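Asks: Take a look at this one; I'll ask things after.
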Amino acid sequence: MTSPPRPTGSDPATRPSGAPDAAVEADLTDLARGIESDHRYRCDACGNVTRFDVVVTATTRRYHHFDLGGASRVEEEEILDQQLGSVTCRWCGRTDAIRVERAPVSPPEH
Ligand SMILES: [Zn+2]
32 MTSPPRPTGS DPATRPSGAP DAAVEADLTD LARGIESDHR YRCDACGNVT
82 RFDVVVTATT RRYHHFDLGG ASRVEEEEIL DQQLGSVTCR WCGRTDAIRV
132 ERAPVSPPEH
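To convert a position in the sequence shown, counted from 1, into the numbering used here, add 31.
So, in structure tokens, the structure goes:
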């Protein structure tokens, strides 16, 4: 005798095992790929592929060159770690329609 299906619509307890929070992090990791030189962003809402506001939290090591008066300028900067916060389309302002695609200048995979 089999148990009848529940009349309630959604049952989140039946999800396959795995970390539920990992899905959100994977999405941000995917967007972070867009700032690499061989990928780019595309706004599915308006078709923009060139202008975006990208919020990045970065940990950097800077070589500050000070003069004797205490003023300094950064002569080298190395990015040790960075995390992408958000990507906003400059044309339509959407943040939920941005996706990453391979830049057209890179050789095709197939
Ligand atoms: Zn847009």
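Quick reminder that beta carbons are idealized off the backbone N, C-alpha and C, glycines included. Remember, predicted model here, so these are calculated numbers, not experimental data.
Is the beta carbon of I129 closer than 8 Å to that of C120?
Replies: Within the sequence shown, the letter at position 89 stands for residue 120. Within the sequence shown, the letter at position 98 stands for residue 129. Yes, Cβ-Cβ distance for C120 and I129 is below 8 Å.
Asks: Taking Cβ to Cβ, would you say L62 is nearer than 8 Å to V136?
Replies: For this step, residue 62 is matched to residue 31 along the sequence shown. For this step, residue 136 is matched to residue 105 along the sequence shown. Cβ atoms of L62 and V136: not closer than 8 Å.
Asks: Leaving out five residues before and five after Q114 in sequence, what residues of the same chain have Cβ atoms less than 6 Å from its Cβ?
Replies: Here residue 114 corresponds to residue number 83 of the sequence shown, with the count starting at 1. T88.
Asks: Can you tell me which of the three DSSP states L99 falls into?
Replies: To locate residue 99, count along the sequence shown from 1; it is residue 68. In the structure shown, L99 sits in coil (DSSP, three-state: anything other than H, G, I, E or B).
Asks: So, helix, strand or coil for L111, using DSSP?
Replies: Position 80 of the sequence shown holds residue 111. Note: L111 maps to strand in three-state DSSP.
Asks: Would the beta-carbon of R71 be found less than 7 Å away from any heavy atom of ligand 1?
Replies: Your numbering for residue 71 matches position 40 in the sequence shown. Every heavy atom of ligand 1 is 7 Å or more from the Cβ of R71, so no.
Asks: Would R82 and E132 be called neighbours here (beta carbons separated by less than 8 Å)?
Replies: Sequence index remark: in the sequence shown, residue 82 carries index 51 (1-based). Sequence index remark: in the sequence shown, residue 132 carries index 101 (1-based). No.
Asks: Going by C-alpha distance, which of G65, H70, D75 is nearest G124?
Replies: Start at 1 with the first residue of the sequence shown, and residue 124 comes out as number 93. It is D75.
Asks: Taking the CB atoms as reference points, tell me whether A134 and H95 lie closer together than 8 Å.
Replies: Here residue 134 corresponds to residue number 103 of the sequence shown, with the count starting at 1. Here residue 95 corresponds to residue number 64 of the sequence shown, with the count starting at 1. No.
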